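Just so you know, the protein sequences line up as chains L and A, in that order. Per my numbering, the very first residue in the first sequence carries number 16; after that it's consecutive. Per my numbering, the very first residue in the second sequence carries number 8; after that it's consecutive. C-beta: ideal position from N, C-alpha, C; glycine also. These numbers come from a predicted model, not from an experiment. In what follows, a single structure is set out as structure tokens and then discussed.
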Amino acid sequence: MSKRFLYVNRKAPYGTIYALESLEVVLIGAAFEQDVSLAFLDDGVFQLTRGQQTDELGVKNFSPTYKALGDYDVNKIYVERESLEARGLTLDDLLPLTYEDEDDDWAEKDSIKLVSAAELAEIMEAQDVVLSF
Amino acid sequence: MKFSILVSEGPYTHEAADTAYNFTKAALEKGHEIFRIFFYHDGVNNGTRLTTPPQDDRNIVNRWSALAQEHDIDLVLCVAAAQRRGIADADEARRNGKDADNIAPGFRISGLGQLIDAGIESDRLITFGD
Chain L
16 MSKRFLYVNR KAPYGTIYAL ESLEVVLIGA AFEQDVSLAF LDDGVFQLTR GQQTDELGVK
76 NFSPTYKALG DYDVNKIYVE RESLEARGLT LDDLLPLTYE DEDDDWAEKD SIKLVSAAEL
136 AEIMEAQDVV LSF
Chain A
8 MKFSILVSEG PYTHEAADTA YNFTKAALEK GHEIFRIFFY HDGVNNGTRL TTPPQDDRNI
68 VNRWSALAQE HDIDLVLCVA AAQRRGIADA DEARRNGKDA DNIAPGFRIS GLGQLIDAGI
128 ESDRLITFGD
């Protein structure tokens, strides 16, 4: 019996290591065939922004890895609308994350779903394991 | 109830290690089972035996080691996080060409799969960190 795992990402992608090490857990965890969801809120929404440029920081830009999540069957990615709007961002500012739906003739679908804080609370309530980074 | 614990902050800098320890002790005293304690991010610094706090302060690392010995608790340091932060056991030191190891008694180094496994096998996985 699989469990529902939710990875909550609340911090900016650079400045601390939490975002990178969270992604490492998600990628390893994908092999365990559990029901996996990701949530991005607060400054965590910056993790998914397009056009990240880290050369001047001297750290690796790991944002391309998010695009591989669909291949790992990680395709429930919730972005909190309030966090996005508070930072002047829209869905168009985020990476186009997609997956191929095996139940729908492998049609390409969007992985990202905008949800309100209240909806996210319900999603969290429905989980077995919540890991917050 | 079967608990697992995630410690995601380093000792002394952050209270997470103390709270996790106190929770673990209290849970054991109440008759609960601790399936595993997993250390991630700077939390892996809980597992270096070279820690030398002032004599009038608690020794967080030794406290974990004693708890592991007394209750046979599985203390796991994430290998990737440990490598970044210079925490090694004898095997890791040899594999990475290091001249020393520093893992404390009662700890072992393993992969992130051990964290996922703890989430699957336990009734509750509780995070102590920011």
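task = Assign L/K26 to one of two classes, buried (16 or more other C-beta atoms within 10 Å of its C-beta) or exposed (fewer than that).
result = Counted from its first residue, the first sequence places residue 26 of chain L at position 11. Buried, by the Cβ-count rule.
query = Under 7 angstroms Cβ-Cβ, which residues of chain A neighbour L/Y114?
reply = For this step, residue 114 of chain L is matched to residue 99 along the first sequence. Neighbours of L/Y114 on chain A: none; closest Cβ ~20 angstroms, over 7 angstroms.
Within-7 angstroms CB hit, L/I43 to chain A: For the purposes of this step, residue 43 of chain L is taken as residue 28 along the first sequence, with counting starting at 1. Answer yes: the Cβ-Cβ gap between L/I43 and chain A drops below 7 angstroms somewhere.
(Q) Assess contact between the stretch 115-134 of chain L and the stretch 17-26 of chain L, defined as three or more Cβ pairs (one per stretch) separated by less than 8 angstroms. Is contact present? (A) Between the stretch 115-134 of chain L and the stretch 17-26 of chain L, the count of Cβ pairs shorter than 8 angstroms is below three; the stretches do not touch.
Checklist line | Other residues of its chain near L/T69: CB distance less than 6 angstroms, five sequence neighbours each side excluded | finding: Reading the first sequence from its first residue, position 54 is the one you call residue 69 of chain L. Excluding positions up to five away in sequence, the list reads N76.
request  = Alpha carbon to alpha carbon, how far is L/E100 from L/L135? Give it in angstroms, no decimals.
outcome  = For the purposes of this step, residue 135 of chain L is taken as the residue at position 120 of the first sequence. For the purposes of this step, residue 100 of chain L is taken as the residue at position 85 of the first sequence. Roughly 15 angstroms between the two C-alpha positions.
| Got a sec? Which residues, its chain only, sit under 7 angstroms from A/T26 by beta carbon, not counting five neighbours each side? | On the second sequence, position 19 is the one that residue 26 of chain A refers to. Within the same chain, A/T26 has close Cβ partners F135.
**Prompt:** Which residues of chain A have a Cβ atom closer than 9 angstroms to the Cβ of L/Q62, listed in chain order?
**Reply:** Reading the first sequence from its first residue, position 47 is the one you call residue 62 of chain L. What L/Q62 touches in chain A: nothing, since even the nearest Cβ is about 16 angstroms away.
Q | Whole-angstrom distance between L/Q62 and L/D50, CA atom to CA atom | A | Within the first sequence, the letter at position 35 stands for residue 50 of chain L. Within the first sequence, the letter at position 47 stands for residue 62 of chain L. If you take the alpha carbons of L/D50 and L/Q62, they lie about 22 angstroms apart.
I need the DSSP call for L/E140, collapsed to helix, strand or coil.
Indexing the first sequence from 1 puts residue 140 of chain L at position 125. Correct three-state label for L/E140: helix.
| task | Find the residues of chain L that neighbour A/A87, judging by a C-beta separation of less than 7 angstroms, and give them in chain order. | result | For the purposes of this step, residue 87 of chain A is identified with residue 80 of the second sequence, where counting begins at 1. Here the neighbours are E39.
| Would you say the stretch 52-67 of chain L touches the stretch 21-41 of chain L, given that touching needs at least three Cβ pairs under 8 angstroms? | yes
Please classify A/H48 as buried or exposed, where buried requires at least 16 other C-beta atoms within 10 Å of its C-beta. Position 41 of the second sequence, counting from 1, holds the residue named residue 48 of chain A. Under this definition A/H48 is a buried residue.
| query | Does the count of Cβ pairs from the stretch 79-99 of chain A and the stretch 109-124 of chain L closer than 8 angstroms reach three? | reply | Pairwise C-beta distances place the stretch 79-99 of chain A out of contact with the stretch 109-124 of chain L, as fewer than three of them are shorter than 8 angstroms.
Practice task
Taking only the alpha-carbon atoms, compute the straight-line gap between A/N109 and A/L84 and give it to the nearest angstrom.
Solution key: Sequence index remark: in the second sequence, residue 109 of chain A carries index 102 (1-based). Sequence index remark: in the second sequence, residue 84 of chain A carries index 77 (1-based). Cα to Cα, A/N109 sits roughly 12 angstroms from A/L84.
query: In this structure, what does DSSP give as the bridge partners for A/R70?
result: Working through the second sequence from its first residue, we reach residue 70 of chain A at position 63. Paired residue(s): none; A/R70 is not in a bridge.
Taking only three categories from DSSP, how would you classify A/I57?
Taking the second sequence and counting its residues from 1, one reaches residue 57 of chain A at position 50. According to the sequence provided, residue 57 of chain A is Leu. The question's Ile does not apply to it. Note: A/L57 maps to coil in three-state DSSP.
Worksheet item: Smallest Cα separation from L/S78: which of L/L109, L/V94, L/E71, L/D120?
Response: Walking along the first sequence from the start, residue 78 of chain L turns up at place 63. Checked all of L/L109, L/V94, L/E71, L/D120; the closest Cα to L/S78 is L/L109.
- Item | Per-residue contacts from L/I32 into chain A (C-beta, under 7 angstroms) | Mapped onto the first sequence, residue 32 of chain L falls at position 17. Ordered by position in chain A, the residues that pass the 7 angstroms Cβ test against L/I32 are H48.
query: Is the closest heavy atom of the ligand PLP to the C-beta of A/D130 under 6 angstroms?
result: With respect to small molecules bound, the structure shown includes none, and the ligand PLP cannot be examined in it.
The stretch 41-55 of chain L in contact with the stretch 28-40 of chain A per 3-pair CB rule at 8 angstroms
no
Tell me, which residues are paired with L/S126 by DSSP? To locate residue 126 of chain L, count along the first sequence from 1; it is residue 111. BP columns for L/S126 are empty, so no partner.
- Query: Across which residues does DSSP place A/K9 in a beta bridge pair?
  - Reply: Indexing the second sequence from 1 puts residue 9 of chain A at position 2. Answer is A/E40, bridged to A/K9.
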